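Asks: Quick one: structure below, then a few questions.
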Amino acid sequence: MNTKIQQIHRLFSALFTYPSPELTAEISECHRQLKTDYPEAAELINQFQTFVNSTSISHLEEIYTSTFDVNPVCFPYPGFHLFGENFNRADFLVKLQQKYQEHGFIAPPNELADHLSVMLEFLSKLEPDAVLAQELIEDCLLPALEKMTEGFKAENPYAGVVRSLLSFLQTSQKAGFYNIAVCNLVKYKPPVGARHQKSFGEQ
0 MNTKIQQIHR
10 LFSALFTYPS
20 PELTAEISEC
30 HRQLKTDYPE
40 AAELINQFQT
50 FVNSTSISHL
60 EEIYTSTFDV
70 NPVCFPYPGF
80 HLFGENFNRA
90 DFLVKLQQKY
100 QEHGFIAPPN
110 ELADHLSVML
120 EFLSKLEPDA
130 VLAQELIEDC
140 LLPALEKMTE
150 GFKAENPYAG
160 VVRSLLSFLQ
170 TSQKAGFYNI
180 AVCNLVKYKP
190 PVGARHQKSF
200 GEQ
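Residue numbers (numbering that gives the first Met the number 0): 0 to 202.
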């Protein structure tokens, strides 16, 4: 049986995919799951829901595309934000895909392995206290989401979704749902000013 944490991972995964007619229901369920234990994250999702309820699906599609497909600072690829476009990201993608295969997870064929929605869907299949889940969150998602929040304009409705996910993960971490930094997943030569990340097998 999936835990509440896993359910929330799955719902956030849906929110970061291309808008569909099911989006309204997915937002509503995400808010319901968050509101008790993660009020800050829930309020940000509620604001997104208010916007979506008054916006046509075609306009949402335009916003999604202009946000995530055009502006590099908002690209929904944690690997891109950690590594840029270089060998280290390519290596990360290969190893991430290997982890998917080891756990019987089939990523969508039309998306890279480090798309935010794909990584969140994968997390929804892992126990929250699994070593790999802890590492993906601490070493990959949190630093990438922090960088993404810096690139969003305040009026962009998806800024709230990114901040909501970040708040949820941070709160879960503080509450002890994740035992942080127990293994190593990411290793790369960080851009100037970025903090060092670790990788598979680094001691």
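Ideal Cβ positions, reconstructed from N, Cα and C, are used throughout, including at glycine.
All figures in this text were calculated on a predicted structure; none of them were measured in a lab.
(1) Could you tell me whether any non-hydrogen atom of the ligand GTP is closer than 7 angstroms to the CB of Phe167?
(2) I'd like to know if the segment 154-169 and the segment 63-75 are in contact, where contact means that at least 3 CB-CB pairs between them fall below 8 angstroms.
(3) Taking only three categories from DSSP, how would you classify Tyr76?
(4) Taking the alpha carbon of Tyr63 as the reference point, which residue from Tyr157, Ala40, Thr49, His80 has its own alpha carbon closest?
(5) What residues in its chain sit with their C-beta under 8 angstroms from that of His8, if we drop five residues either side in the sequence?
(6) Between the Cα of Asn109 and the Cα atoms of Leu141, Gln97, Gln5, Tyr17, which residue gives the shortest distance?
(7) Between Lys146 and Asp128, what straight-line distance do the alpha-carbon atoms span, to the nearest angstrom?
(8) If you scan the segment 83-111 from start to end, which runs of the beta strand (DSSP E) of 3 or more residues do you find wholly inside it?
(9) Please report the straight-line C-alpha distance between Phe104 and Phe167, rounded to a whole angstrom.
(10) With the cut-off set at 8 angstroms, would you say Leu14 and Ile26 are in Cβ contact?
(11) Could you spell out where the alpha helix (DSSP H) holding Ser171 opens and where it closes?
(12) Would Glu22 and Val51 qualify as a contact pair, given that the criterion is a beta-carbon distance under 8 angstroms?
(13) Using the C-alpha atoms, what's the distance from Leu165 back to Lys34?
(14) Is the CB-CB distance between Lys98 and Leu131 below 8 angstroms?
(15) Mark Gln100 as exposed unless 16 or more other C-beta atoms lie within 10 angstroms of its C-beta, in which case mark it buried.
(16) For Pro20, does the three-state DSSP call read helix, strand or coil?
(17) State the start and end residues of the unbroken alpha helix (DSSP H) segment that holds Thr64.
(18) Determine the extent of the alpha helix (DSSP H) in which Asn70 is found, giving its start and end residues.
Replies: A quick look at the data gives this:
(1) For the ligand GTP, the structure offers nothing, since it holds no ligand at all.
(2) yes
(3) Within the sequence shown, the letter at position 77 stands for residue 76. Tyr76 falls in the coil class under three-state DSSP.
(4) Counted from its first residue, the sequence shown places residue 63 at position 64. When each option's Cα is compared against that of Tyr63, the closest is Tyr157.
(5) Within the sequence shown, the letter at position 9 stands for residue 8. Cβ neighbours of His8 beyond the five flanking positions: Leu119, Glu120, Leu122, Ser123.
(6) Taking the first residue of the sequence shown as 1, we reach residue 109 at position 110. Of the listed residues, the one whose Cα sits closest to Asn109 is Tyr17.
(7) Position 147 of the sequence shown holds residue 146. Position 129 of the sequence shown holds residue 128. Approximately 25 angstroms, taken between the alpha carbons.
(8) Qualifying beta strand (DSSP E) stretches: none in this window.
(9) If you number the sequence shown from 1, residue 104 lands on position 105. If you number the sequence shown from 1, residue 167 lands on position 168. Straight-line Cα distance between these residues: approximately 24 angstroms.
(10) The residue you call residue 14 lines up with position 15 of the sequence shown. The residue you call residue 26 lines up with position 27 of the sequence shown. The answer is yes: Cβ separation under 8 angstroms.
(11) Stepping through the sequence shown from its first residue, residue 171 is reached at position 172. Where Ser171 is concerned, the enclosing alpha helix (DSSP H) starts and stops at 156-173.
(12) On the sequence shown, position 23 is the one that residue 22 refers to. On the sequence shown, position 52 is the one that residue 51 refers to. Correcting the residue identity first, residue 22 is Leu in this sequence and not Glu. Cβ atoms of Leu22 and Val51: closer than 8 angstroms.
(13) Along the sequence shown, read from residue 1 onward, the residue named residue 34 stands at position 35. Along the sequence shown, read from residue 1 onward, the residue named residue 165 stands at position 166. The straight-line gap from Cα to Cα measures roughly 15 angstroms.
(14) Here residue 98 corresponds to residue number 99 of the sequence shown, with the count starting at 1. Here residue 131 corresponds to residue number 132 of the sequence shown, with the count starting at 1. Yes, the pair counts as a contact, with Cβ atoms nearer than the cut-off.
(15) The sequence position of residue 100 within the sequence shown is 101, counting from 1. Gln100 comes out exposed.
(16) Numbered from 1 along the sequence shown, position 21 holds the residue referred to as residue 20. The answer is coil: DSSP assigns Pro20 none of H, G, I, E or B.
(17) Numbered from its first residue, the sequence shown carries residue 64 at position 65. Here the alpha helix (DSSP H) through Thr64 covers 56-64.
(18) Position 71 of the sequence shown holds residue 70. Where Asn70 is concerned, there is no enclosing alpha helix (DSSP H), given that its DSSP letter is neither H nor E.
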